[in-house]
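>
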Amino acid sequence: MGVDELRMTSPEGVEFRDLNGNGVMDPYEDPRLDPGARADDLLRRLSIEEKVGLMFQTVIEAGEDGTLVESSGRISKSATSTVVLEKHLTHFNVHVLEDPRMAARWHNALQGLAARTPHGIPVTISTDPRHAFIENAGVSFTAAAFSQWPEPLGLAALRDAAAVREFADIARQEYVAVGIRAALHPTLDLATEPRWARQAGTFGQDPALVTELAVAYLEGFQLDSLGPGSVACTSKHFPGGGPQKDGEDAHFPYGREQVYPGGRFADHVAPFPAVVRAGTAAIMPYYGMPIGLEVDGKPIEEVGFGYNKQVVTGMLREGLGYQGVVVTDWELVNDNHVGDQVLPARAWGVEHLDPAGRMELILEAGADQFGGEECVEILLDLVAQGRVSEARIDESARRLLLVKFRLGLFDDPYVDEDAAARTVGRADFREAGYAAQAESVTVLTNGADPGAVLPLLPGLRIYAENVSAEVVSRHGTPVDSPEQADVALVRLGAPFEPRSDLFLEAWFHQGSLDFPPGLVSRLARVAAACPLVLDVTMDRPAILTPLLPLAAAVVASFGTSDEALLAALTGQVRLRGRLPFDLPRSMDQVRAHPEDVPGYDDPLFAFGHGLSI
């Protein structure tokens with residue numbers, strides 16, 4: 000960490016950062032004052048351009064060598080200096096971060112650039128989850144240098160709020176070390192529609208469990224209250240994003256409709272009052288457009304939740320008393336063009352409006368910040384035309400500044416490169432993540448007593464598919480065919496239908512949950528030669544019905560390395576995994592099931608199922 004050139008000492012002996020360069024400790028620079036007073040003082044000093052800049056949070060990319068990227072990137076649209084110095088943006092969603100030291104160096108360079116702005120407003124860096132396995136630029140990143148844990152579904156499978164709190168506290172320390180001070184998580188959506196592509200990031204189908212784990216998650220990230228050691232959480236997606244019509248994802252035009260045929264809207268809202276009470280720093284409404292929804296006898300307008308005043312102002316702000324930041328989900332205003340693909344703006348129900356009209360409606364709904372956008376000129380023009388008042392801008396700008404002050408960013412925005420290198424991926428952090436990966440493995444079937452195949456005995460000859468031969472060799476003898484083996488171990492992913500027309504589509508696992516018939520037939524041949532142990536990695540449920548007669552044992556995992564899986568299957572750890580959602584019997588059952596209802600009357604395996612071995 001370099002020298003902070005703005006740091007001074009006042010005549011009274013108070014150390015402060017002279018953010019506006021006037022040689023005087025102004026109230027907003029005074030660390031003795033409370034965040035509200037400092038935010039009020041700064042707000043009075045800001046130009047309309049600076050206030051508007053606060054209201055945008057866009058994607059930023061980091062140079063691998065720790066430098067700022069001064070060009071458009073793969074997803075980011077502008078050079079770093081352009082968005083910071085010219086557009087006055089101070090909130091950024093960072094994507095790929097590899098080396099922790101270089102990540103810290105990049106962060107410090109970005110804060111140094113922000114210090115050159117008229118009032119030295121520090122930058123807030125946010126991230127989607129980056130501690131598990133799924134790589135999807137629209138949802139999450141693989142752990143890379145960070146400690147690696149199961150997906151949130153796997154944390155839910157542990158049924159342990161203390162374990163979730165431990166994860167969140169470790170993730171918080173790793174984030175803070177590299178300068179990430181805002182988390183675009185947790186995801187509180189209920190996994191009630193098994194075809195939906197976003198279930199891996201949830202805590203499953205049960206409102207009570209989701210609520211309990213969400214509060215523990217906030218406690219680990221934000222600590223007792225938001226302060227200099229905290230990561231500010233964005234709880235999402237209000238008022239619950241799980242019940243997508245036919246399970247299609249609302250990132251895409253064909254998935255814009257959210258439906259409640261079972262009348263269970265209240266279940267989906269249920270986790271949010273608790274996270275409001277727990278002090279979540281921000282809340283994100285979902286993309287989805289409610290269809291045929293009535294609340295308290297009143298029909299809800301059929302527009303995306305981010306545009307919906309009944310939802311954001313009525314239900315969230317007035318109904319739940321929420322006074323914090325509301326940030327929209329990404330790109331509600333403009334289409335996103337990446338390479339030769341496009342992702343249309345998620346302006347569901349208001350596609351007819353131009354970008355200015357969409358932005359005006361989002362502000363009327365009650366949001367404070369535009370996710371994934373940097374089009375400050377549109378908002379400035381709305382203010383110039385009188386369509387949006389400066390008082391309305393002030394309302395949101397103050398909320399956004401208040402979080403920065405509470406996080407301590409104005410007083411010390413920089414991080415230590417050496418500390419980042421020591422902290423991220425620390426051995427004890429990795430060990431805790433590894434243990435959670437292994438313990439979350441969920442045993443669905445294990446033969447018939449006394450014919451149980453699990454735990455696997457030492458020294459077996461193992462035929463393996465989609466498992467590292469090196470890992471297998473540490474637990475048995477790898478062989479080349481089922482006929483040579485004492486047991487076969489096959490890892491599968493939950494089925495999906497590949498799509499790649501729209502940007503991001505290829506990363507979203509959507510469509511049928513049926514395994515292809517050719518795979519089933521091939522596994523039958525394997526099972527005829529030796530006992531078959533199947534692991535299915537469930538980023539969403541799978542139809543296991545045709546596989547059960549073939550397998551001697553079936554387990555589900557939710558983000559588990561090969562080594563952690565073998566540790567689980569050989570009995571080296573105590574398995575605690577219990578299903579975080581029902582597994583349906585067939586696609587006919589899925590299609591007949593209301594998208595908003597948690598669980599089935601007659602599932603193949605029920606929520607909470609899991610055997611001990």
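Its first residue numbered 0, the sequence shown is counted upward by one per residue in numbering that gives the first Met the number 0. C-beta: ideal position from N, C-alpha, C; glycine also.
1. Checking 9 Å against the spacing of the C-beta atoms, do A431 and W195 come in under that value?
2. With distances taken from CA atoms, which of R263, L32, A207 is nearest V596?
3. Taking T476 as part of the beta strand (DSSP E), name the residues at either end of that continuous run.
4. Exposed or buried, R31, counting other C-beta atoms within 10 Å across all chains shown (16 or more means buried)?
5. Compare the Cα-Cα distances from F404 to each of A605, S77, P298, G119 and report the closest residue.
6. So the alpha helix (DSSP H) S520 belongs to, where does it begin and stop?
7. Distance, Cα to Cα, G65 vs E28?
8. Taking the C-alpha atoms as reference points, what is the distance between P545 and G153?
9. To which residues of the same chain is G348 closer than 8 Å at the C-beta, ignoring the five residues directly before and after it?
10. Let me confirm a value: L574 is counted as buried when at least 16 other C-beta atoms fall within 10 Å, else exposed. Which label applies?
11. For the stretch 324-334 and the stretch 283-297, state whether three or more C-beta atom pairs, one from each stretch, are separated by less than 8 Å.
12. Would A199 and I133 qualify as a contact pair, given that the criterion is a beta-carbon distance under 9 Å?
13. I need the DSSP call for F580, collapsed to helix, strand or coil.
14. On a CA-only basis, which of W105, Q56, A213 is nearest V82? Give me that one, please.
15. Answer yes or no: do V332 and E363 have a C-beta to C-beta separation smaller than 9 Å?
16. Among E14, N19, V51, which has the Cα closest to the Cα of H397?
17. Looking at C-beta atoms only, is the number of pairs between the stretch 421-431 and the stretch 243-254 that lie closer than 8 Å three or more?
18. Would the stretch 176-194 count as touching the stretch 460-470 if we require 3 or more Cβ pairs under 8 Å?
19. Do G458 and A552 have their C-beta atoms closer together than 9 Å?
20. Does the beta-carbon distance from P238 to H267 come in below 9 Å?
21. Under the three-state reduction of DSSP, which class applies to D393: helix, strand or coil?
22. Who are the near neighbours of T569 in its chain, counting only those whose CB is closer than 6 Å to its CB and skipping five residues on each side?
23. How many Å lie between H94 and S71 at the Cα?
24. Taking the alpha-carbon positions, what's the L292 to G240 distance?
25. Are the CB atoms of A207 and F220 nearer to each other than 9 Å?
26. Beta carbon of S77, beta carbon of K86: below 9 Å?
27. With burial defined as no fewer than 16 other Cβ atoms inside 10 Å of the residue's Cβ, what is the status of F508: buried or exposed?
28. Is it the case that the stretch 371-390 contacts the stretch 316-324, given that we only count it when at least three CB pairs across the two stretches are under 8 Å?
29. Taking the straight line between their C-alpha atoms, what separation do you get for R141 and P10?
Looking at the coordinates:
1. no
2. R263
3. 476-478
4. exposed
5. G119
6. 516-528
7. 28 Å
8. 24 Å
9. R255, M288, E300, E301, V302, G303, Y306
10. buried
11. yes
12. yes
13. coil
14. Q56
15. no
16. The amino acid at residue 397 is misidentified as His; the sequence shows Arg. R397 has its Cα closest to that of V51, out of E14, N19, V51.
17. no
18. no
19. no
20. yes
21. helix
22. P454, L455, H474
23. 13 Å
24. 14 Å
25. no
26. yes
27. This sequence places His at residue 508; Phe is not what is there. That one is buried.
28. no
29. First, the residue type needs correcting, since residue 141 is Thr and not Arg in the sequence shown. Going by the C-alpha atoms only, they are around 49 Å apart.
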